[in-house]
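One structure below.
2 protein chains.
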Amino acid sequence: MFSEKGVDATAIEDITERADVGKGTFYRHFGNKEAVVVALSESAVSRLIDSTKPAKPPESLEAALEHLLNAHCAFYKEHAEEFLLLFQGRLLLKLQKEAADVDPSFAGYLKELGQHVAAFAPQPVPDAKIRRLAAALAGYPFLHFALVKPSAAAEEIETVVQPLRRSIVAGLVALLSR
Amino acid sequence: MFSEKGVDATAIEDITERADVGKGTFYRHFGNKEAVVVALSESAVSRLIDSTKPAKPPESLEAALEHLLNAHCAFYKEHAEEFLLLFQGRLLLKLQKEAADVDPSFAGYLKELGQHVAAFAPQPVPDAKIRRLAAALAGYPFLHFALVKPSAAAEEIETVVQPLRRSIVAGLVALLSR
DNA sequence: TTCTTTCTTGACTTTTTGGTCTTTTATGAC
DNA sequence: GTCATAAAAGACCAAAAAGTCAAGAAAGAA
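Residue numbers (the numbering used here), protein chains in the order written: chain A, 28 to 205; chain B, 28 to 205.
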């Protein structure tokens, strides 16, 4: 319902009606609507983090970044609504600004991203750069699926998307090693 | 206020208080909150459209697309909050799906985009492709400003962003002339 | 200045929503 | 089968938000 009509526009009664439970039951599980959002976000973030875990450790920063981009794209493909719920609204803007007030579940995600690239960075990567990496990872799937249909043939996808991904990786490498 | 705390979280009284007018005055101008959103969107869309008008007609589809990308990026840079208000939430998702229910002010924007590329297309471009062009234009600024700070030197921006823009243009050309 | 018309105000009513609490129903131990 | 404990339900209350309207202020014409 959150991705259908938005979090704020969804009333608790909407939720309990669709879930076919009484209101009391809802409040037995969640203190308020925000708690539901947090639970959903945590679940989505944890699955997103899981899906970024590489099968074998990457050889280079480029490989690590490419893997991250692909993982986010795959997650978007499978769970577009949840992805949007996460990165929706002002979060993308916040990520680019200095805003330090990202919610806790997201802080864990940023930390995880930091670990993906830490091995290849000469010195610890500052938080601001990790946030911009996150913004790029959030923005990439939109571009990706604007250029190629999810249903397109694998080869066609690669020919169109490879240059795009390469240029983003190159930009991120420049950002992270600057 | 909408971009500060979100549309739904903003009460009419919040608006009238900050505008320092009575509630009755508000309802003399707008039927409800949604009408304000529509008015703001229309204003933003019309300015965005204006800013996409090229000084001289482009020579090629590539040039036209590059111009559009740059214009959207510039608009985002100047009016990030409004840009986000427009493309926020589920619109990006809608653009990629078959969803035909975009609001009227946005329909005008899509039509305008169609005219930018019409001259270079062999046959009329289907709406679905225009929508994907719009999704790419909406997504691009996020990538752009993730890779380079708005305050960065012009040369640095170009070296990082040019490959990115090129690959997007190439992808869009493939999409539109397929 | 005075009268008419239009605009503005904010107290008031209504509607919606969040959150509570008692009653009822299910579960499981003995 | 009975009792104790936990869970579910939804009527209920309270707060907040939307929306109305009669009284007063401002503007303009004569």
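We treat Cβ as the ideally placed atom computed from N, Cα and C, and that holds for glycine.
Closer than 6 Å by C-beta to residue 193 of chain A: which residues in its own chain qualify, once you throw out the five before and the five after it? Chain order, please.
Correct list: empty, nothing qualifies.
Taking a cut of 7 Å between CB atoms, which residues from the segment 34-66 of chain B lie near chain A?
Cβ contacts with chain A: 35 and 36.
Using a Cβ cut-off of 8 Å, pull out every chain B residue sitting near residue 68 of chain A, in sequence order please.
Those within 8 Å of residue 68 of chain A in chain B number zero; the least Cβ separation is about 16 Å.
Just checking: is the beta-carbon of residue 136 of chain A within a distance shorter than 8 Å of some beta-carbon in chain B?
It does not; no Cβ of chain B falls within 8 Å.
With 8 Å set as the bound, which would you pick, yes or no: does the beta-carbon of residue 101 of chain B sit closer than that to a beta-carbon of chain A?
Closer than 8 Å: no.
What are the complete alpha helix (DSSP H) segments, minimum 4 residues, inside the segment 28-89 of chain B?
Scanning the segment 28-89 of chain B from its first residue to its last, the whole alpha helix (DSSP H) runs of 4-plus residues come out as 29-32, 39-46, 50-56 and 60-79.
For a contact defined as C-beta to C-beta under 7 Å, what are the partners of residue 197 of chain B on chain A?
Those within 7 Å of residue 197 of chain B in chain A are 190.
Check the C-beta distance from residue 107 of chain A over to residue 191 of chain B and give it rounded, since I have them as a contact under 8 Å.
With 8 Å as the limit, residue 107 of chain A and residue 191 of chain B do not qualify as a contact, their Cβ atoms being about 23 Å apart.
How do the segment 34-53 of chain A and the segment 85-100 of chain A stand: do at least 3 beta-carbon pairs fall below 8 Å, yes or no?
The segment 34-53 of chain A and the segment 85-100 of chain A do not touch, with fewer than 3 CB-CB distances between them shorter than 8 Å.
Can you tell which of B/131, B/149, B/122 and B/68 has the C-alpha that lies nearest to the C-alpha of residue 205 of chain B?
Residue B/149 holds the alpha-carbon nearest to the alpha-carbon of residue 205 of chain B among B/131, B/149, B/122 and B/68.
Helix, strand or coil at residue 98 of chain B [DSSP, three-state]:
In the structure shown, residue 98 of chain B sits in a helix (DSSP, three-state: H, G or I).
Any beta carbon of chain B sitting closer than 8 Å to that of residue 142 of chain A?
So no, residue 142 of chain A is outside the interface.
Starting from residue 154 of chain B and walking both ways along the alpha helix (DSSP H), at which residues does that stretch end?
154-174 is the extent of the alpha helix (DSSP H) around residue 154 of chain B.
State the Cα-Cα distance for the pair residue 124 of chain A and residue 114 of chain A, rounded to the nearest angstrom.
About 15 Å.
Flag residue 200 of chain B as yes if its beta-carbon sits less than 8 Å from any beta-carbon of chain A, otherwise no.
No, residue 200 of chain B lies away from the interface with chain A (no Cβ there is under 8 Å from its Cβ).
Rank A/78, A/89 and A/181 by C-alpha distance to the C-alpha of residue 199 of chain A and give the top, closest one.
Checked all of A/78, A/89 and A/181; the closest Cα to residue 199 of chain A is A/89.
Can you grab the Cα-Cα spacing for the pair residue 161 of chain B / residue 188 of chain A, in whole Å?
Annotation: residue 161 of chain B to residue 188 of chain A spans about 18 Å, alpha carbon to alpha carbon.
Quick check: the segment 66-80 of chain A against the segment 131-148 of chain A, are there 3 or more CB pairs under 8 Å?
At 8 Å Cβ cutoff, the stretches touch.
Cβ shell of residue 146 of chain A (< 7 Å), same chain only, five flanking positions each side left out
None.
Considering residue 179 of chain A, what are the terminal residues of the alpha helix (DSSP H) in which it resides?
Note, residue 179 of chain A: premise wrong, no alpha helix (DSSP H); not H, not E.
Does DSSP put residue 124 of chain A in a helix, a strand or coil?
Coil, per DSSP.
Who are the near neighbours of residue 196 of chain A in its chain, counting only those whose CB is closer than 8 Å to its CB and skipping five residues on each side?
Here the set comprises 89, 92, 93 and 96.
Applying a beta-carbon distance threshold of less than 9 Å, which residues of chain A neighbour residue 187 of chain B?
Per Cβ cutoff of 9 Å: 194, 197, 198, 201 and 202.
In the structure shown, what three-state DSSP assignment does residue 142 of chain A receive?
The answer is helix: DSSP assigns residue 142 of chain A an H, G or I state.
Using a Cβ cut-off of 8 Å (strictly closer), state whether residue 159 of chain B contacts chain A.
Taking Cβ atoms only, chain A reaches closer than 8 Å to residue 159 of chain B, which makes this a yes.
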